[in-house]
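End of the sequence shown sits at 140 in my numbering; the numbers just go up one at a time, nothing left out. Quick reminder that beta carbons are idealized off the backbone N, C-alpha and C, glycines included.
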Amino acid sequence: MDCIFCKIVSGEIPTKILSESSNSISFMDAFPLAKGHVLVIPKNHHQKIQDMSKEENIDLFTLVHQMISKVDSISGSTLVAIHNGKDAGQEVPHVHVHLVPRTRTDSAGAIHNMFNSSLKLSESEIKELYDKLKI
């Protein structure tokens, strides 16, 4: 498999590993968006979060939880971002969580700035989506 993150897990590509658990690792991003940008990934290759086992998810997000405090100590706020699939902006098809230190003066803005406009839905569209998404 030609996955850069799998190569990091196997040690084929060296990186600055910050922490490791039984199923996950965290390391410094090679192309940081801010000083202290960290990635947390599962050791096993999965393209989307829902492809992971419950145990792998728990392990991944436990490590995310541990790393947030460290990243937060850099600037006081941390963006937690997951692009779950190619159409969502995922560039490497391996689950990864970005932890990016944020400041009030950086240029990133709020999540609503990522999209050109707010979506306007009718009540029937909202009801249809609600029924589809409700567990």
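Q. For glutamine 95, which residues from the same chain have a beta carbon less than 6 Å from its beta carbon, with the 5 sequence-adjacent residues on both sides left out?
A. Answer for glutamine 95: His88, listed in chain order.
Q) For valine 85, which of helix, strand or coil comes out of DSSP? A) strand
**Q.** Proximity winner among Lys53, Phe32, Ile63, Val43, relative to valine 85 (alpha-carbon distances)
**A.** Val43
Q) What do you get for asparagine 28, buried or exposed, if any count of 16 or more other CB atoms within 10 angstroms of its CB means buried? A) When all chains shown are included, asparagine 28 counts as buried.
Q) Name the DSSP beta bridge partners of histidine 103, please? A) Leu44, Ala86
Q.
Once the 5 residues before and after valine 105 are set aside, which same chain residues still bring their CB inside 6 Å of it?
A. Leu38, Ala39, His42, Leu84
Q) Candidates Ile73, Val97, Gly90: which alpha carbon is nearest arginine 107's? A) Comparing alpha carbon positions, the residue from Ile73, Val97, Gly90 closest to arginine 107 is Ile73.
Q: Would you list the one or two residues that DSSP bridges to isoleucine 30?
A: Isoleucine 30 pairs with Glu25, Ile46.
Q: Hey, could you find the ends of the alpha helix (DSSP H) threonine 67 is sitting in?
A: 59-80
**Q.** Sub-9 Å separation of isoleucine 22 and isoleucine 30 beta-carbons
**A.** yes
Q) Going by alpha carbons, who is nearest to alanine 93 out of Ile46, Ser24, Lys53? A) Lys53
Q | Segment limits, alpha helix (DSSP H) that includes cysteine 8 | A | Looking at the DSSP string, cysteine 8 is not in any alpha helix (DSSP H), and its letter there is neither H nor E.
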